[in-house]
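S.K.: Sharing a structure, written as structure tokens. Questions coming.
There are 2 protein chains.
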Amino acid sequence: MTQPLPLSQLLCFALYSASHAVQASYKPLLDRMGLTYPQFLVLTLLWETDDQPMSRLAQALQLESNTLTPMLKRMESAGFLTRSRDAQDERQVRLRLTEKGLGLRAEATEIPACFLAQSGLDPTTIRSLTDEIATLRDRLRAAQT
Amino acid sequence: MTQPLPLSQLLCFALYSASHAVQASYKPLLDRMGLTYPQFLVLTLLWETDDQPMSRLAQALQLESNTLTPMLKRMESAGFLTRSRDAQDERQVRLRLTEKGLGLRAEATEIPACFLAQSGLDPTTIRSLTDEIATLRDRLRAAQT
DNA sequence: TAAATGTAAATCGTGCGCGATTAAATCGCA
DNA sequence: TGCGATTTAATCGCGCACGATTTACATTTA
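Below, the structure written as structure tokens:
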């Protein structure tokens, strides 16, 4: 048996604290647009593909209706998107960007670049780090059977 | 200008989703002990050094009193630790492990090892990944002036 | 020593995340 | 065709996170 690691050397804490630090660094930029960080993630998906069912966002973000439903309602009231039942399958809720939601795209997609600058790391390092973390995440999800 | 990246290639989302995946993989083990994930982080710090002021935990976790106060009260009611005002400086709240809190140490410090096994990554990779993520976090915090 | 300054927790409100449950629509199959 | 099983959202409760403010105590300084 090895000695227990201190918090500062735990991968779980590195991820936890880094994720919070990233959200904090995004915050001033998102505030100007009236977005929270998870809402920014939702819009990022809709900027890639507009008019998606909620179930697809849930899949991509690994979030469930108990998180997404109230969040999307707030985004609808704020005027970023519309929610409407699919005519073919009334169980599904389809999400569509409004003009306001579309209008934020150019400004918002600059944020990851600002973030990269703030981090002081070069793009290649950022890319490989992203891949390694995504691989870890996918393996954990797969093990979660 | 480069093209905007899809969500799946954003470092911020990799961190966000991996952090959630790690917490999900810890959950069944923590549930058995009656702990939440942030509570496990608090205990990890107290297992390293018992009898700390709340301000030191706040510094280590980068959390503030608005998060920690209610959380520590819950942990106190659950019997994991005690909270008491420091006699020398009545502004401070000192945290001490109870027998129950101490008793979880051996079992809980095994969790990161289980996690490592689940991840399917070798210890060396885990360590360098942890370091890289911590470096990124620290640079972002430093830029956050 | 009294007033100004600084520091540590606590409090309040809002928005996630998620377990558990419910409701409604669709699908599958006898 | 009809009825059980499945799928999709919605709802409810609780525990973080965090901005903003307040309270209590300590320290500095006039």
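As given, the protein sequences belong to chains F and L, one line each in that order. Going by this note's numbering, the first residue of the first sequence is number 1, and it counts up by one from there. Going by this note's numbering, the first residue of the second sequence is number 146, and it counts up by one from there. Cβ coordinates follow ideal geometry from the N, Cα and C atoms, glycine included. It should be emphasised that the depicted structure is a prediction, and the values quoted were computed from it without experimental measurement.
Counting only beta-carbon separations shorter than 9 Å, does F260(L) have a partner in chain F?
M.R.: Residue numbering aside, residue 260(L) sits at position 115 when the second sequence is read from its first letter. The Cβ of F260(L) sits closer than 9 Å to at least one Cβ of chain F.
S.K.: Mapping the DSSP letters down to three states, classify T243(L) as helix, strand or coil.
M.R.: Here residue 243(L) refers to the residue found at position 98 when the second sequence is read from its first residue. Note: T243(L) maps to coil in three-state DSSP.
S.K.: Just to check my reading of the structure: V187(L) and L175(L) have Cβ atoms closer than 8 Å, yes? What is that Cβ distance to the nearest angstrom?
M.R.: Working through the second sequence from its first residue, we reach residue 187(L) at position 42. Working through the second sequence from its first residue, we reach residue 175(L) at position 30. Not a contact, Cβ separation roughly 12 Å.
S.K.: With a threshold of 9 Å between beta carbons, is Q118(F) in contact with chain L?
M.R.: Locating residue 118(F) in the first sequence gives position 118, counting from the first residue. For Q118(F), the answer is yes, since a Cβ of chain L falls inside 9 Å of its Cβ.
S.K.: Give the residues of chain L in contact with T44(F), contact being defined as C-beta atoms less than 7 Å apart.
M.R.: As a first step, residue 44(F) must be located in the first sequence, where it is residue number 44. Within 7 Å Cβ-Cβ: L152.
S.K.: Could you tell me the distance, in whole angstroms, from the CA atom of A163(L) to the CA atom of I278(L)?
M.R.: In the second sequence, counting from the first residue as 1, residue 163(L) sits at position 18. In the second sequence, counting from the first residue as 1, residue 278(L) sits at position 133. Between A163(L) and I278(L), the C-alpha separation is close to 12 Å.
S.K.: Starting from L226(L) and walking both ways along the alpha helix (DSSP H), at which residues does that stretch end?
M.R.: One-based indexing of the second sequence puts residue 226(L) at position 81. First-last for L226(L): 226-230, but that is the beta strand (DSSP E), not the alpha helix (DSSP H).
S.K.: When the cut-off is 9 Å and only beta carbons count, does S222(L) lie next to chain F?
M.R.: Position 77 of the second sequence, counted from the first residue, corresponds to residue 222(L). Residue contact with chain F for S222(L): absent (no Cβ-Cβ distance below 9 Å to any residue of chain F).
S.K.: Quick one: what's got a C-beta closer than 8 Å to Q118(F)'s C-beta in the same chain, skipping five residues either side?
M.R.: Working through the first sequence from its first residue, we reach residue 118(F) at position 118. So the list reads S25, once near-sequence residues are dropped.
S.K.: Run through the DSSP bridge pairs and tell me what Q197(L) is partnered with.
M.R.: In the second sequence, residue 197(L) corresponds to position 52, counting from 1. DSSP, once it has assigned bridges, lists L240(L) as partnering Q197(L).
S.K.: I need the DSSP call for T130(F), collapsed to helix, strand or coil.
M.R.: Taking the first sequence and counting its residues from 1, the one referred to as residue 130(F) is at position 130. In this structure, T130(F) counts as helix in the three-state DSSP scheme.
S.K.: What does a CB cutoff of less than 8 Å around Q168(L) pick up in its chain, not counting 5 residues either side in sequence?
M.R.: Locating residue 168(L) in the second sequence gives position 23, counting from the first residue. Contacts found: Y182.
S.K.: Thinking F80(F) and T98(F) are a contact (beta carbons under 8 Å), I'd like their distance in whole angstroms, please.
M.R.: To locate residue 80(F), count along the first sequence from 1; it is residue 80. To locate residue 98(F), count along the first sequence from 1; it is residue 98. The distance from the Cβ of F80(F) to that of T98(F) is about 6 Å, consistent with a contact at the 8 Å cut-off.
S.K.: In chain F, what lies closer than 7 Å to E277(L) by C-beta?
M.R.: One-based indexing of the second sequence puts residue 277(L) at position 132. L129, listed in chain order.
S.K.: Throw me the rounded Cβ distance for the L156(L) and I126(F) pair, which I believe falls under 8 Å.
M.R.: Translated into the one-based positions of the second sequence, residue 156(L) becomes position 11. Translated into the one-based positions of the first sequence, residue 126(F) becomes position 126. Confirmed, Cβ separation roughly 6 Å.
S.K.: Hey, could you find the ends of the alpha helix (DSSP H) E221(L) is sitting in?
M.R.: Here residue 221(L) is taken as the residue at index 76 of the second sequence, counted from 1. 210-222 is the span of the alpha helix (DSSP H), which, as asked, contains E221(L).
S.K.: Sort T109(F), A21(F), L7(F) by Cα distance to F40(F) and report the nearest one.
M.R.: In the first sequence, residue 40(F) corresponds to position 40, counting from 1. Minimum Cα distance to F40(F) is reached at T109(F).
S.K.: Establish whether the CB of P4(F) and some CB of chain L are separated by less than 9 Å.
M.R.: Within the first sequence, numbered from 1, the residue matching residue 4(F) stands at position 4. Yes - at least one Cβ of chain L is within 9 Å of the one on P4(F).
S.K.: Give the single residue among Q52(F), S84(F), L7(F), Q62(F) whose Cα lies nearest to the Cα of L206(L).
M.R.: Along the second sequence, read from residue 1 onward, the residue named residue 206(L) stands at position 61. Of the listed residues, the one whose Cα sits closest to L206(L) is L7(F).
S.K.: Report the three-state DSSP secondary structure of E90(F) (helix, strand or coil).
M.R.: Translated into the one-based positions of the first sequence, residue 90(F) becomes position 90. The answer is coil: DSSP assigns E90(F) none of H, G, I, E or B.
S.K.: For the stretch 203-218 of chain L, which residues have a beta carbon sitting closer than 8 Å to at least one beta carbon of chain F?
M.R.: Residues of the stretch 203-218 of chain L whose Cβ lies closer than 8 Å to any Cβ of chain F, in chain order: A205, L206, Q207.
S.K.: Are L63(F) and V93(F) closer than 9 Å when you measure CB to CB?
M.R.: Against the first sequence, residue 63(F) aligns to sequence position 63. Against the first sequence, residue 93(F) aligns to sequence position 93. No, the Cβ-Cβ distance between L63(F) and V93(F) is not below 9 Å.
S.K.: Report the three-state DSSP secondary structure of G120(F) (helix, strand or coil).
M.R.: Taking the first sequence and counting its residues from 1, one reaches residue 120(F) at position 120. Reduced to three states, the DSSP call for G120(F) is coil.
S.K.: Using a Cβ cut-off of 9 Å (strictly closer), state whether S17(F) contacts chain L.
M.R.: For the purposes of this step, residue 17(F) is taken as residue 17 along the first sequence, with counting starting at 1. Output row for S17(F): interface = yes.
S.K.: Does DSSP put P149(L) in a helix, a strand or coil?
M.R.: The residue given as residue 149(L) occupies position 4 in the second sequence. It is coil, neither helix nor strand.
S.K.: Taking the C-alpha atoms as reference points, what is the distance between H165(L) and D131(F)?
M.R.: Numbered from its first residue, the second sequence carries residue 165(L) at position 20. Numbered from its first residue, the first sequence carries residue 131(F) at position 131. Rounded to whole angstroms, H165(L) to D131(F) spans 16 Å at the Cα level.
S.K.: Using beta-carbon positions only, say whether L240(L) and D196(L) come within less than 9 Å of one another.
M.R.: Against the second sequence, residue 240(L) aligns to sequence position 95. Against the second sequence, residue 196(L) aligns to sequence position 51. A contact, by the Cβ cut-off of 9 Å.
S.K.: Considering only C-alpha positions, which residue in the set D234(L), G265(L), R286(L), P268(L) is nearest to G120(F)?
M.R.: Here residue 120(F) is taken as the residue at index 120 of the first sequence, counted from 1. Checked all of D234(L), G265(L), R286(L), P268(L); the closest Cα to G120(F) is R286(L).
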